[in-house]
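Colleague: This is the structure I have questions about; it appears just below.
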Amino acid sequence: ETGVTQSPTHLIKTRGQQVTLRCSSQSGHNTVSWYQQALGQGPQFIFQYYREEENGRGNFPPRFSGLQFPNYSSELNVNALELDDSALYLCASSSNKRTFGEQYFGPGTRLTVT
Amino acid sequence: GENVGLHLPTLSVQEGDNSIINCAYSNSASDYFIWYKQESGKGPQFIIDIRSNMDKRQGQRVTVLLNKTVKHLSLQIAATQPGDSAVYFCAEKSLQGAQKLVFGQGTRLTINP
């Protein structure tokens, strides 16, 4: 167990709806990264938060947004859901911003958009 | 580009044999490489990492080799066990720009009894 938790574990939404996914980072970690993993693919970087600010973003549209809270937990929000948003959403926490610190992944939230 | 690819999408080995999983990366600016194991229904689990100033690093039953000349990374698992069955991803990170991991597609390792 990595100490990173995510909720909910599974979620079913309809196209056009909005969704919020949550992540609690490992104790002592101040950086949270979010990834999208489509079936049969490797995780794709969405964005990263460090000390409550976005610290880098991947090739995802603005309808993917996030927050990090003072306790370093984080939320991923997706607006106007599309069928292609169906995936496993992973968050990973780490203790360093720019050094080699490894990222610890949570179990993920499986989002299905119908 | 941002491609970390794998030579083989699937690998089947006999229990007790050694496994070698390969990975090619394209970003010569990457400074840090990690191997993750992902079991069904779980998030990726850290196995071993290596920095770009190293050629080899060993862990418990695992060894990672880095060849920067040809931009190749490999994971060797000694005495493969049934519990090693999973999808293995290599990932790279650069200290430049966004602090993100770039993952390959993955290799599924299957252990035959």
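Each protein sequence line maps, in turn, to chains E and S. Going by my numbering, 22 is the number at position 22 of the first sequence; the sequence numbering is gapless. Basically my numbering = 1-based index in the second sequence + 1000. Beta carbons are placed, not taken as given, at the ideal position from N, Cα and C, and that holds for glycine. All values reported here derive from a predicted model rather than from experimental measurement.
#1: Give a yes or no on whether 8 Å exceeds the smallest Cβ distance from R98/E to chain S.
#2: Rounded C-beta distance between S95/E and V32/E? I'm assuming under 8 Å.
#3: For S1019/S, count neighbouring Cβ atoms within 10 angstroms of its own Cβ and tell me buried if that reaches 16, exposed if not.
#4: So, are the CB atoms of V4/E and L111/E less than 8 Å apart?
#5: Less than 8 Å between CB atoms is the rule here; does E52/E satisfy it with respect to chain S?
#6: Does any CB atom of chain E fall closer than 8 Å to the CB of H1007/S?
#7: CA-CA distance, L1075/S and A1091/S?
#8: Helix, strand or coil for L81/E? Go by DSSP, reduced to three states.
#9: Closest Cβ-Cβ distance between G56/E and chain S: below 8 Å?
#10: Compare the C-beta of Q1058/S against all C-beta atoms of chain E and say whether one is closer than 8 Å.
#11: What residues of chain E sit near K964/S, judged by a beta carbon separation below 8 Å?
Modeller: A quick look at the data gives this:
#1: Residue confidence for R98/E is low, a pLDDT of 49 falling below 50, so the modelled location carries little weight and cannot support an answer.
#2: Rounded, the Cβ-Cβ distance is 11 Å, inconsistent with contact.
#3: buried
#4: no
#5: no
#6: A caution first: H1007/S carries a pLDDT of 46, below 50, which makes its placement in the model too unreliable to give a value.
#7: 12 Å
#8: coil
#9: yes
#10: no
#11: Absent from the structure is residue 964/S, since the part of chain S shown begins at 1001 and ends at 1113.
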